[in-house]
């Protein structure tokens with residue numbers, strides 16, 4: 037059953053009693069995330085979180101790939117922030133210097149992913165195909181990940197001159213050494229390796245993904261809503277006691293330093309020499325020489 041939800045890029049469904057399914061619905065761009073997309077997604081999560089009849093939330097995606105990450109081709113990034121009611125206590129989205137960039141990323145990247153991670157209901161991500169950079173910031177905040185056997189997980193941001201995605205939880209997803217390999221090389225972690233590392237809970241075929249996710253959701257939804265809430269809070273607190281929040285905050289500010297570095301060198305947020313040529317052309321970037 038599809039519930040009335042006024043959004044362009046996000047669908048909201050209740051396939052069964054007690055289960056909400058939020059669907060990324062921008063397949064033509066491999067579910068690239070622009071500002072509107074992320075605010076719609078946040079509204080969908082809020083709707084499910086506030087509905088006492090919902091016990092489990094599924095995050096799924098239309099198309100071949102789960103998400104290609106941030107929409108680098110979005111125009112008027114900062115001005116677009118004022119088309120939406122901000123969720124966090126931030127401002128300065130059109131200010132000069134680094135303030136606008138930092139405020140925007142703290143609101144819709146770090147802030148949103150952290151809100152979704154702390155929703156007091158179990159969340160399940162159903163991931164198919166590629167899950168790249170910002171896509172990880174949609175899947176990793178979920179409590180359980182079920183992936184297709186052709187799924188892959190990639191954070192190529194070091195290739196673009198940045199120290200990892202804004203919601204920096206690689207260490208808790210795959211451990212320190214694998215996190216370093218993932219970032220230093222920009223290589224993908226394939227589904228079977230993700231399962232072995234504990235990043236995902238199950239690997240299934242594409243044909244099985246929807247039903248496998250519902251089977252898991254039904255099993256969880258049969259439990260006490262309050263007990264689930266307390267259990268999730270307890271496990272999240274274990275990660276936070278390990279220093280997750282402090283480490284992530286430090287990584288976010290290093291990420292902003294990288295943006296400022298490339299702005300000074302190239303007048304752009306990323307190292308253009310690390311971007312695919314097609315992306316550079318689409319964004320009007322030029323590379324005269326390799327800079328560090």
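Numbering (the numbering used here), first residue to last: 37 to 328.
Note that CB positions come from ideal geometry on N, CA and C, so glycine has one too.
I'd like to know whether the C-beta atoms of residue i and residue j end up nearer to each other than 8 Å.
i, j, result
"residue 160", "residue 224", "no"
"residue 155", "residue 173", "no"
"residue 233", "residue 214", "yes"
"residue 144", "residue 94", "no"
"residue 307", "residue 196", "yes"
"residue 134", "residue 292", "yes"
"residue 212", "residue 188", "no"
"residue 222", "residue 192", "yes"
"residue 179", "residue 255", "no"
Assuming residue i and residue j make a contact with CB atoms under 8 Å, what is their CB distance in whole Å?
i, j, result
"residue 182", "residue 248", "6 Å"
"residue 206", "residue 219", "7 Å"
"residue 107", "residue 69", "6 Å"
"residue 142", "residue 170", "Rounded, the Cβ-Cβ distance is 15 Å, inconsistent with contact."
"residue 157", "residue 92", "7 Å"
"residue 101", "residue 61", "The pair is not a contact, with the Cβ atoms about 13 Å apart (cut-off 8 Å)."
"residue 42", "residue 71", "Incorrect: roughly 17 Å between the Cβ atoms, too far for contact."
"residue 52", "residue 264", "Going by Cβ atoms, the distance from residue 52 to residue 264 rounds to 16 Å, so no, they are not a contact pair."
"residue 105", "residue 168", "5 Å"
Report buried or exposed for residue i, applying the criterion of at least 16 other Cβ atoms within 10 angstroms of its Cβ.
i, result
"residue 177", "buried"
"residue 86", "exposed"
"residue 44", "exposed"
"residue 278", "exposed"
"residue 147", "buried"
"residue 140", "buried"
"residue 262", "exposed"
"residue 290", "exposed"
"residue 103", "buried"
"residue 271", "exposed"
Taking C-alpha atoms, which residue in the options lies nearest to residue i?
i, options, result
"residue 245", "163, 236, 84", "163"
"residue 230", "242, 184, 263", "184"
"residue 97", "58, 126, 52, 88", "58"
"residue 166", "190, 151, 179", "190"
"residue 280", "150, 307, 192", "150"
"residue 194", "63, 88, 83, 298", "298"
"residue 294", "267, 199, 285", "199"
"residue 153", "273, 287, 67, 313", "273"
"residue 49", "73, 80, 76", "80"
"residue 76", "104, 121, 64", "121"
"residue 89", "283, 269, 260, 303", "260"
"residue 83", "109, 40, 73", "40"
"residue 314", "74, 99, 109, 46", "109"
"residue 296", "63, 78, 132", "132"
"residue 113", "285, 186, 130", "130"
"residue 99", "65, 312, 235, 258", "65"
Under 7 Å from any heavy atom of the ligand SAM, does the C-beta of residue i make it?
i, result
"residue 212", "Absence of the ligand SAM from the depicted structure is noted, as is the absence of any ligand whatsoever, leaving it without description."
What are the uninterrupted segments assigned as beta strand (DSSP E) that are 3 or more residues long and contained completely in the segment 121 to 208, given in chain order? Here the runs fully enclosed are 159 to 163, 166 to 168, 180 to 184, 188 to 190.
Let me know the beta strand (DSSP E) ranges lying completely inside the segment 211 to 265, each 3 residues or longer, listed in chain order. Every beta strand (DSSP E) stretch that sits fully inside the segment 211 to 265 and reaches 3 residues is listed by chain position as 238 to 240.
Considering only residues of the segment 52 to 101, which uninterrupted alpha helix (DSSP H) runs meet the minimum length of 4 residues and lie entirely inside it, listed in chain order? For the segment 52 to 101, whole alpha helix (DSSP H) runs of length 4 or above, ordered along the chain, are 71 to 86.
Every unbroken alpha helix (DSSP H) inside the segment 261 to 310 [4 residues or more]: Entirely contained in the segment 261 to 310, the alpha helix (DSSP H) runs reaching 4 residues are, in chain order, 261 to 277, 280 to 302.
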